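First the structure, in the form of structure tokens, and then the observations on it.
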Amino acid sequence: MSQAATKVLTAHVPLPLAEKVDQIAARLERSRGWIVKQALSAWIDQEEERSRLTREALADVDAGRVIDHQAVQAWADSLSTPDPLSVPR
588 MSQAATKVLT AHVPLPLAEK VDQIAARLER SRGWIVKQAL SAWIDQEEER SRLTREALAD
648 VDAGRVIDHQ AVQAWADSLS TPDPLSVPR
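Each step along the sequence shown adds one to the number in the numbering used here, with nothing skipped, and position 24 is 611.
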């Protein structure tokens, strides 16, 4: 069974964050490295999704698929009323 190539990354983190990593590692009976890999993978997934959504939104703007600010504001203001407006389209 071959293992994927790896690279060591070094980062300085505040002591309280390092202590939390150690606590979670102990609770889950995992290594500190495993915890950091999980956290980094989740963060990268989140950032990739954020980037995808941003590109999608910019494409909507370029295509003219936008909602007037005043319509959104009126809708948001209506949410705390007995008869909220429908979501603007």
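Glycine residues also receive a C-beta, built at the ideal position from the N, C-alpha and C atoms. Quick caveat: nothing in here was measured; it's all calculated off a predicted structure.
Practice task
Could you check the C-alpha separation between Ser618 and Leu627 for me, to the nearest Å?
Solution key: Whole-angstrom Cα-Cα distance: 14 angstroms.
Practice task
Would you check if the distance between the CB atom of Ile622 and the CB atom of Ile631 is smaller than 8 angstroms?
Solution key: Taking 8 angstroms as the Cβ cut-off, Ile622 and Ile631 do not qualify as a contacting pair.
Handout entry: Helix, strand or coil at Pro632 according to DSSP, with G and I counted as helix
Key = It should be pointed out that residue 632 corresponds to Asp in this sequence rather than to Pro. Asp632 falls in the helix class under three-state DSSP.
Practice task
Could you have a look at Asp670 and say whether DSSP puts it in helix, strand or coil?
Solution key: Assigned with DSSP and collapsed to three states, Asp670 falls in coil, not helix or strand.
Problem - Cβ pair Ala658, Pro675 closer than 8 angstroms - result: By the CB criterion at 8 angstroms, Ala658 and Pro675 fall inside the cutoff.
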